[in-house]
Each structure stands twice: as structure tokens, then as C-alpha cells.
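Numbering (our numbering), first residue to last: 1 to 541. Worksheet: one structure, shown below.
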């Protein structure tokens, strides 16, 4: 998935590798398109390192914004204006998803073209730009309708905030739509293994925009002015990416657009469409549902969603090299080696994710009070704990769809995230009506569990490149990491059973127990030996 963070707020972005993304994304992963490292060949490490660095740059900038701006905006704007800001950014994130994987598509179609054939490469970029222009037009119509229907969509929005909400939605949404054009250009840099160039520009524009928003908020300006500042910085970043592309002297123009190529590109991107729709259902509609049920709860819910989005984004960045690695093993027919790689990554990933989620759930109360203030933190704590649990469950099988994209079998599982999304929205709406915002978060947990079951029971047996089955994955890769959650669950139960709750010593003991279980139980002896060996080589090269 392409870079889609469109506003300085705790809202997640969907991953470049389609996946069940959690509520609140930062930057998803962009794998090296068209790169296959065959066994025995010298791996293209510099290229992979550069692409991973580009992905990490985007992740780092998104995480910084998700942590830096919410507390400032909450304190300067107030909870309800901040909620408007968060919702406007969320809608902008949806609109940016219209790119339908253009970043990876450009890399795919350029990969087979000779480096000296500038005109052929120009045809690919020109055709993708034409498709993106059409999508921008569709998005503009949708955005116009949303701006007009703000009082209807957010029926509990205070009347005095309707005007600001329209300005914020219009400005942030428009800058998000323009990112579709920049995505096509960034995809060409990806094909050159130079994704760091647009990534650095994007990060710079984000930081400038964030500083401008922070300065204006401190001076007492309203949402509309803040949205204008963010939009200007974002568009400036897009223009700079265009300038960097122009220096490559690749011809671009309407005369180079090819209808046949456009159809092929659209077919390629259509596979992303289902994942995109699912991402919208999974990551974003929860906050909109909360806004319709209890507008005062939007700010704490959005803050909690943004924090768990960082967990998803960091994990996604760590898995970026898995796409070319799995592609190489599948191309060589090394099923046993791919099985072993998959099982190890699921076990390692689940261990880290469950441990991180458990620790975050244990210490979130003092952190949120320090970060957002007591008023919002009090409501955010239970929401964050549920969303952290939902994200940890969803990420248990996160390596599976990543492997499928590497082996080219992603279409066989394309309906899984859609099923999760439908279950997520349906259960969140039903439980939200019954139990309020906490019910919405519980619905997300249910959707995550459904996705894991479908992956293990339905999709994995149909995968040709992997011979392992769900029971083996549970026994060898998931059972140990699940034990890591026990101390946090016990502490949570005690906190609700005891009238005065649990104190810091109990929390500290639970954190230590979590880390001990992660090392001694979740990881097998070969894992520990490999990790210790890697650390030793790093310290003593």
C-alpha cells in the first residue's frame, strides 16, 4: 500500500502489503517490487536496505506525528474540536486509499523494462498518472458530497463546529487526493530502488506541516487555519516529489498513455481494491460509529486507535523484506525452507506483538494521563486496552498475507480482510448500540479473531507454496506466545476485582513476568541462540 497518512493525528494508514490493519495506521510496508533473490545468487542487500529505510522513514514520521500532535491539539483546541480534526483526517485517509496500490503497480510494470528505454518507462508512468487523475475526479465528487453532508454524517456534532468541520474535511481531503498523483511518481523511484528520495521529502513535508499546525494551535487559531497549514505543507511535498521526478528526465504526457496498458494496470490494482475496502471497514469506520453514538468519546477513541496503529506500522516495516524472500524461495520450489521461515517469523512476530501489547495494556493508564491529561485519559484507558488486544490478535497471522504477496497467491485470500471488515463493522455497530464506545472496540476484537480463524482454517490449506497447516502453526508458533499474555490478563482481572485496584508493584511484577515468559517460553532454544548470536556479531564484528 502506498503512503497515505494525510494529517497530523493519531490515525493509522493501511499497509502497502494488504493486511488486516489495525485501527489507526501509521505507514504500512512497501515491499521491493519486482525483486527476486534466487538461492545461491548474491542478494541485492543495498536495494533492500534502501527500501526498508524508506519504509522506516515513513513509519517514523507517522509515529512521531501520532505521538506529538494529539496532546498539544487536545489541550489547545479542546476535546470536541480535536475530535473534528481526527474525523477529518480519518476521511482523508479513506480518500488516499483510492490509489489502489499504485506504488507497487508502478514497480511491477517497470521492473521488466530496460533501464535505457526511457519512453517505455514513460508510458508506464503516464498511464498510471491518467488512471490516478480519474480516481482523483471520483474522489473529488465523493469529497464534495461528504462536505455537504457533514451535519448528517456526524449528527451529534455541535452546531458551532459544523463550519470548521467542513473546512477541515475539504482541505485535508483535497490534499489527500493530490497524494494519488504523487504516489504514481513515487512508484517509479521504487522501481529504481530509490524510494528513500520521495520518503525523505514526504517526511520533511510532514514535519514542517506538524510544526506549522503546532505553532498555529499554540497561537489560538482554529481547526480551519490548522487544516490549511497542513494542506499547504502536504501539497508542497507532493510538488517537490514531482520536481525530483522531473530531474530523471522520463518523458510523461497524454500521448504516452496506452489503453491496453491501462487495462492491465487496472486489473493489477483491482486485487488491491478488495483489500482497500476491507482496510476502510477495519481501520476507520469504528471512529465514525463512535461519533454517531457518542461524539464526546471520539477524542479518547481516536487517541487510543492512533497508539495501536504505531504497533501495526512498526511490525509491518519489520516484515518488509519477507516479500522478496518468500518470492525467491517459492520460485526455487523450496517449500520446506519457506515453511520454516514462515513458522519462525510467525513465532517471533507473535512473541514481540503479544509482549508489546501486554506491556502497553499494563502501563497505559499513567502514560495516557501524562500524554493527554486526566479528562481524556480516563476514558481512553479501557478503549486502548481492548484495541491493543484486538491488534495483537490480528497481527498473530500478519506474516501470512505478506508471504502470499511474495508468492503471488494473494488473490486466494483476498476475501478474508473483507469478511473481517464486515464482521468488524457489524459487531462494532451492534455492540456499540448496546454498550457504547467500549462495545465498538469489542467489535474490533471479534473481527480480528475471525480473520485469524479464516486464515488458519480456510486460506492456509489452499496455499500451494506452504505445506504447513493451521494446527502446526498453532502448536509451533502461536501457543508459546499466547502464554505471554497471562500476566497481563491476571493483572487486569485483579484490577477489576479489588476495590482499590492494583498498585505499581503488581504492574511492575506483571511486566517482568511478561518479558520472562516471552524469552523463556514463547521462543524456542534455537530462536534464543540465533538472537544471541546476532547480538554477539553486532557487538563483536
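No residue lacks a Cβ here, since even glycine has one placed at the ideal position from N, Cα and C.
Quiz item: Does the Cβ-Cβ distance between residue 214 and residue 168 come in under 8 Å?
Solution: Residue 168 is positioned such that its CB atom lies no closer than 8 Å to that of residue 214.
Practice problem: Please classify residue 185: is it buried, with 16 or more other beta-carbons within 10 angstroms of its beta-carbon, or exposed? | Solution: The residue in question, residue 185, is buried, as its Cβ has 16 or more Cβ neighbours within 10 Å.
Quiz item: By Cβ distance, which residues of its chain are closer than 8 Å to residue 452, with the 5 residues on each side in sequence left out?
Solution: If we look at residue 452 and ignore the five residues flanking it on each side, its Cβ neighbours are 393, 394, 396, 397.
Quiz item: Among residues of its own chain, excluding the 5 on either side of residue 150, which ones have a beta-carbon nearer than 8 Å to its beta-carbon?
Solution: Contacts found: 157, 162, 165, 166, 169.
Quiz item: What residues in its chain sit with their C-beta under 8 Å from that of residue 478, if we drop five residues either side in the sequence?
Solution: Residues of the same chain with a CB within less than 8 Å of the CB of residue 478, apart from the 5 flanking positions on each side, are 346, 347, 350, 396 in chain order.
Exercise. Would you check if there are 3 or more beta carbon pairs closer than 8 Å linking the region 373-391 to the region 514-525?
Key: The way I'd put it, the region 373-391 doesn't touch the region 514-525; fewer than three beta-carbon pairs between them come closer than 8 Å.
Quiz item: Taking the Cβ atom as the reference point for each residue, do residue 182 and residue 242 lie within a distance shorter than 8 Å?
Solution: Closer than 8 Å, so yes.
Quiz item: Taking the alpha carbon of residue 85 as the point to measure from, which residue in 353, 448, 69 has its own alpha carbon closest?
Solution: Nearest option by C-alpha distance: 69.
Quiz item: Within 7 Å: the Cβ of residue 213 and any heavy atom of the ligand SAH?
Solution: The ligand SAH is not part of this structure, which contains no ligands at all.
Quiz item: Considering only the beta carbon of each residue, do residue 294 and residue 436 sit closer than 8 Å?
Solution: Going by C-beta atoms, residue 294 is nearer than 8 Å to residue 436.
Practice problem: Closer than 7 Å by C-beta to residue 464: which residues in its own chain qualify, once you throw out the five before and the five after it? Chain order, please. | Solution: Closer than 7 Å at the Cβ level, and outside the excluded window around residue 464, lie 409.
Quiz item: Relative to the C-alpha of residue 102, which residue among 188, 148, 121 is closest?
Solution: Cα-wise, what sits closest to residue 102 is 188.
Exercise. Could you tell me the distance, in whole angstroms, from the CA atom of residue 382 to the CA atom of residue 438?
Key: The alpha-carbon atoms of residue 382 and residue 438 are separated by roughly 7 Å.
Practice problem: Can you tell me which of the three DSSP states residue 221 falls into? | Solution: Reduced to three states, the DSSP call for residue 221 is coil.
Exercise. Quick one: which unbroken alpha helix (DSSP H) runs of 4-plus residues sit fully inside the region 174-206? Chain order, please.
Key: Scanning the region 174-206 for uninterrupted alpha helix (DSSP H) segments of 4 residues or longer gives nothing; none is fully contained.
Quiz item: Taking only runs of the alpha helix (DSSP H) that begin and end inside the region 322-364, which ones reach a length of at least 4 residues, in chain order?
Solution: Every alpha helix (DSSP H) of 4 residues or more that sits fully in the region 322-364 is shown, in chain order, as 322-331.
Self-check item: Same chain, Cβ closer than 6 Å to residue 361, five either side skipped, listed in chain order
Solution: If we look at residue 361 and ignore the five residues flanking it on each side, its Cβ neighbours are 385, 388, 488.
Exercise. State buried or exposed for residue 531, treating a residue as buried only when at least 16 other CB atoms are found within 10 Å of its CB.
Key: The residue in question, residue 531, is exposed, as its Cβ has fewer than 16 Cβ neighbours within 10 Å.
Practice problem: Give me the Cβ distance between residue 423 and residue 446, rounded to the nearest whole Å; I'm assuming they're in contact under 8 Å. | Solution: The Cβ separation is near 6 Å, so the contact holds.
Practice problem: Kindly indicate the opening and closing residues of the alpha helix (DSSP H) around residue 98. | Solution: Following the DSSP letters along the chain, one finds residue 98 in no alpha helix (DSSP H), marked with neither H nor E.
Quiz prompt | Inter-residue Cα distance where the pair is residue 211 and residue 302 | solution = Approximately 21 Å, taken between the alpha carbons.
Practice problem: Inspect the beta-carbon positions of residue 306 and residue 173 and report whether they are closer than 8 Å. | Solution: Not closer than 8 Å, so no.
Self-check item: Collapsed DSSP secondary structure at residue 258 in the structure displayed
Solution: Residue state, collapsed to three classes: coil.
Quiz item: Under 8 Å, do residue 232 and residue 299 count as touching if we go by C-beta distance?
Solution: It is not a contact, given that the beta carbons lie outside the stated cut-off.
Quiz prompt | Cβ shell of residue 485 (< 7 Å), same chain only, five flanking positions each side left out | solution = Hits under 7 Å: 354, 358.
Exercise. Kindly indicate which three-state DSSP category residue 538 falls into: helix, strand or coil?
Key: Shown here, residue 538 sits in a helix according to DSSP, grouped into three states.
Exercise. My understanding is that residue 217 touches residue 72, with C-beta atoms under 8 Å, so please give their C-beta distance in whole angstroms.
Key: With 8 Å as the limit, residue 217 and residue 72 qualify as a contact, their Cβ atoms being about 6 Å apart.
Quiz item: Expressed to the nearest angstrom, what Euclidean distance is found between the alpha-carbon atoms of residue 291 and residue 154?
Solution: Rounded to whole angstroms, the gap between the alpha carbons of residue 291 and residue 154 is 6 Å.
Self-check item: Terminal residues of the alpha helix (DSSP H) in which residue 410 lies
Solution: First-last for residue 410: undefined, no H or E at that position.
Self-check item: Collapsed DSSP secondary structure at residue 90 in the structure displayed
Solution: In the displayed model, residue 90 falls within a helix according to three-state DSSP.
Practice problem: Could you check if residue 433 is buried or exposed, using at least 16 other CB atoms within 10 Å of its CB as the buried criterion? | Solution: Burial is judged here by how many other beta carbons sit within 10 angstroms of a residue's own beta carbon; residue 433 has fewer than 16 and is exposed.
Exercise. Assign residue 154 to one of three DSSP states: helix, strand, or coil.
Key: The answer is coil: DSSP assigns residue 154 none of H, G, I, E or B.
Self-check item: Exposure label - residue 496; buried when at least 16 CB within 10 Å
Solution: Counting the other CB atoms within 10 Å of its CB gives residue 496 a total below 16, which places it among the exposed residues.
Self-check item: Residue environment, residue 90, which counts as buried when at least 16 other CB atoms sit within 10 Å
Solution: Counting Cβ neighbours within 10 Å, residue 90 comes out buried, since at least 16 surround it.
Quiz prompt | residue 39, DSSP secondary structure in three states | solution = Confidence is the limiting factor: at residue 39 the pLDDT is only 33, short of 50, which leaves the residue's position unreliable and the question unanswerable from this model.
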